[in-house]
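Peer 1: My questions all concern the structure below.
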Amino acid sequence: MSRFSSFSKPFRPPKPQPVAEVLGRTDVFAALRAGVEQTAALQRDLAELLPDYLATSVEPGLLKDGSLALFTAHSALAARLRHLEPRLLADLQQRGWSVRALSVKVRPRPAKEPDPVKQARMTPAGAEALHSLSETLAPSPLQAALARMAARHRPGGSEKK
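When you line the sequence shown up against this note's numbering, it's residues 498 to 658, in that order.
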């Protein structure tokens with residue numbers, strides 16, 4: 498006998514729904530949706546108004562009481578944005594934004610992971626050619642570097658000093 502009644506339905510995960518539909522269901526979500534749409538529209542306008550190098554590095558913050566916060570990744574971009582502030586303010590007002598002041602702030606982005614160290618690969622013939630070349634040179638930093646490189650890539654991979 499099954500421990501589940503014959504009236505229970507098998508579990509089926511809910512169908513995916515568009516975010517806009519979910520956010521429109523309650524007043525709280527509707528307010529959140531309005532804020533998200535406002536930020537997205539502001540981001541689009543900033544991308545059109547700012548030079549390319551700034552548009553990709555500036556994020557809009559809150560628009561509160563006529564003051565708009567703009568965030569940049571570092572102080573050099575913030576300084577450049579402050580130079581453009583009067584023109585940007587006028588352009589935003591012309592596009593219908595009720596902005597009276599801009600506040601430029603630096604919000605560093607998290608450091609990305611460093612690129613992996615390259616591991617050079619050399620054929621045995623190439624390593625032998627480097628070794629032969631290093632033996633023909635007079636003692637010098639170049640000769641020592643070539644000898645170390647050849648030793649690293651020769652079979653066995655150990656350096657000879």
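The C-beta atom is built at its ideal place from N, Cα and C for all residues, glycine as well. Small disclaimer: the values here were computed from a predicted structure and weren't measured.
Report back the beta-carbon spacing between Q640 and S631 to the nearest angstrom; my notes put them in contact at under 8 Å.
Peer 2: Sure, about 5 Å apart at Cβ, within 8 Å.
Peer 1: Leaving out five residues on either side along the sequence, give the residues of the same chain with a beta carbon under 7 Å from the beta carbon of Q590.
Peer 2: V596
Peer 1: Within a Cβ cutoff of 6 Å, which residues of the same chain sit near H650, ignoring the five residues on either side of it in sequence?
Peer 2: M619, A624
Peer 1: Quick one: complete alpha helix (DSSP H) runs, 4+ long, within the region 576 to 641?
Peer 2: Listed in chain order, they are 621 to 633.
Peer 1: Please name the residue in F508, T633, R530 whose C-alpha comes closest to that of V516.
Peer 2: R530
Peer 1: Would you decide whether F508 is buried or exposed? Buried here means 16 or more other CB atoms lie within 10 Å of its CB.
Peer 2: Per the 10 Å Cβ criterion, exposed.
Peer 1: Classify T569: buried if its beta carbon has 16 or more other beta carbons within 10 angstroms, exposed otherwise.
Peer 2: Looking at its Cβ environment, which holds 16 or more other Cβ atoms inside 10 Å, T569 is buried.
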